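Please read the structure below before turning to the comments.
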Amino acid sequence: FAKKFNFEELLYKLEGDNTCQVPFNEPYDQNEYEQEILKELMPTIKDPSTPIVLNKEISNLNRSFATRISGEIAALYGNAGLPDGTITLNVKGITGQSLGAFMSKGININVEGAGNDYIGKGMNGGQIVITSDKAGSDFALGGNTCLYGATGGTLYVHGQVGERFAVRNSGATTVVEGTGDHPCEYMTGGVAVIRGKTGVNFGAGMTGGKAFVYDVEGNFYEKVNPELVEALRIDTDEWDTEMFELKALLKDYAAKTGSKRATHILENFRTEIRKFWMVAPRGVKPTIAADKKGE
-8 FAKKFNFEEL LYKLEGDNTC QVPFNEPYDQ NEYEQEILKE LMPTIKDPST
42 PIVLNKEISN LNRSFATRIS GEIAALYGNA GLPDGTITLN VKGITGQSLG
92 AFMSKGININ VEGAGNDYIG KGMNGGQIVI TSDKAGSDFA LGGNTCLYGA
142 TGGTLYVHGQ VGERFAVRNS GATTVVEGTG DHPCEYMTGG VAVIRGKTGV
192 NFGAGMTGGK AFVYDVEGNF YEKVNPELVE ALRIDTDEWD TEMFELKALL
242 KDYAAKTGSK RATHILENFR TEIRKFWMVA PRGVKPTIAA DKKGE
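In terms of our numbering, the sequence shown is residues -8 to 286.
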């Protein structure tokens, strides 16, 4: 059948060498912004006994911020990273895509402004906190596919994020004010708290971890993909451990973002806990009950 076609024009070879003639291709983005910051951080990376705090402006041209820094940390310390809080980066503005991608332990990024897509992609440790003094928690401060494939660390966004939030998350902890469709898709570990509306198809392919969802409008249950997960109420004594975990996360989130809504939940926890669902793989048991069964 193929003999009927003439591919000479498509497969024509130009005269000359048919191999790569340069050692490497120059990168499109030289990442000069982070290279300059890295120069300031290298003494601390080499000797982390004295923490460092930097205050910088940032724009959406600055993509994958902190990834280059994390690479230097990984080269010296591997997966262990740095002690918590060794490097604090306070940035103001709207960041480029992939903020904190593959971030190492020991880095804290505080953003006054907003992020873009892929925040915390593949992050291994550290903490990212995004707030805005110009936008309320109903505004979008993060884009799509945040925490894609993350294995650790913490992400707090005092605002909405986009679709496919925490897809393939396997170890990160996060609190956000709301999400688009397909949150916690293919999630295998970690903890997600969504303190507001979500989109549909929640937990599709989710096989591990857990999510706490604040359901003010009373319609969250119908948004869950029930193939592998179930949505459970946790306002009874047998779920004390899970309630304590949720309360601790909201307390930390409120302290670091100034969230008035999280503070309201904490101050009225006995009544507000009734509005929460916990989404987890089917068959999950209360921690207390599971512990007793193992005794």
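Cβ atoms here follow ideal geometry from the backbone N, Cα and C, with glycine treated the same way. This one's a predicted model, so the numbers in the text were calculated from it and none came from an experiment.
Just checking my contact of Y139 with Y109 at CB under 8 angstroms: how many whole Å lie between their CB atoms?
6 angstroms
Residue ranges of each alpha helix (DSSP H) run of no fewer than 4 residues wholly in the stretch 1 to 46, ordered along the chain?
23 to 37
When you compare each of L132, K125, V13, T198 to T170 by their alpha carbons, which one comes out closest?
L132
Would you mind reading off the limits of the alpha helix (DSSP H) that contains R224?
Looking at the DSSP string, R224 is not in any alpha helix (DSSP H); the run it does join, the beta strand (DSSP E), is 220 to 224.
Spatial neighbours of T248 within its chain, please: C-beta separation below 7 angstroms, excluding the five flanking residues on both sides.
V120, T122, Y147, H149
What's the C-alpha gap between W230 and F193?
22 angstroms
Let me check understanding here. Comparing Cα to Cα, which of T58, V82, Y24 lies closest to G326?
Residue 326 lies beyond the range of the chain shown here (-8 to 286); nothing can be said about it.
Quick check: what's the CA-CA separation for V191 versus N9?
50 angstroms
Minimum C-alpha distance to I49 - residue among V220, I43, P39, Y24
Y24
Check the Cβ-Cβ distances between A222 and every residue of chain D, and say whether any is below 7 angstroms.
In the displayed structure, chain D is absent; only one protein chain is listed.
Identify the continuous alpha helix (DSSP H) that holds K251 and give its terminal residues.
K251 -> alpha helix (DSSP H) spans 251 to 258.
I264, enclosing beta strand (DSSP E) - first and last residue
Here I264 belongs to no beta strand (DSSP E), and DSSP marks it neither H nor E.
For the candidate residues A195, G162, V152, whose alpha-carbon lies nearest to that of I185?
V152
Are the beta-carbon atoms of T142 and G162 separated by less than 7 angstroms?
Taking 7 angstroms as the cut-off, the beta carbon of T142 is found closer than this to the beta carbon of G162.
Can you name the start and end residues of the beta strand (DSSP E) that Y147 belongs to?
145 to 151
Answer yes or no: do T254 and A245 have a C-beta to C-beta separation smaller than 7 angstroms?
Yes, the Cβ-Cβ distance between T254 and A245 is below 7 angstroms.
Alpha carbons only, please: which of F93, A195, I85 is nearest the one belonging to G134?
I85
Which residue spans inside the stretch 86 to 110 form an unbroken beta strand (DSSP E) run of at least 3?
98 to 105
Residue range of the unbroken alpha helix (DSSP H) whose run includes G117:
Run containing G117: none; DSSP gives neither H nor E here.
My guess is that S95 and S61 are in contact by the Cβ rule of under 8 angstroms, so how many angstroms apart are they, rounded?
4 angstroms
Span of the beta strand (DSSP E) holding E213?
Looking at the DSSP string, E213 is not in any beta strand (DSSP E), and its letter there is neither H nor E.
Is it true that the CB of T136 sits closer than 7 angstroms to the CB of R155?
Yes; because the gap between Cβ atoms is below 7 angstroms, this pair is in contact.
Counting only the same chain and skipping the five closest in sequence on each side, list residues whose C-beta sits under 8 angstroms from that of Y177.
V158, R159, A195, G196, M197, T198
Can you say whether G7 is buried or exposed, counting buried as having 16 or more other CB atoms within 10 angstroms of its CB?
It counts as exposed.
Inter-residue Cα distance where the pair is A281 and G274:
Low local confidence applies: a pLDDT of 46 at A281 is under 50, so the model's placement there is unreliable, with the coordinate-based value given in what follows. So the alpha carbons of these two residues sit roughly 11 angstroms apart.
According to DSSP, residues forming a beta bridge with G180:
S161
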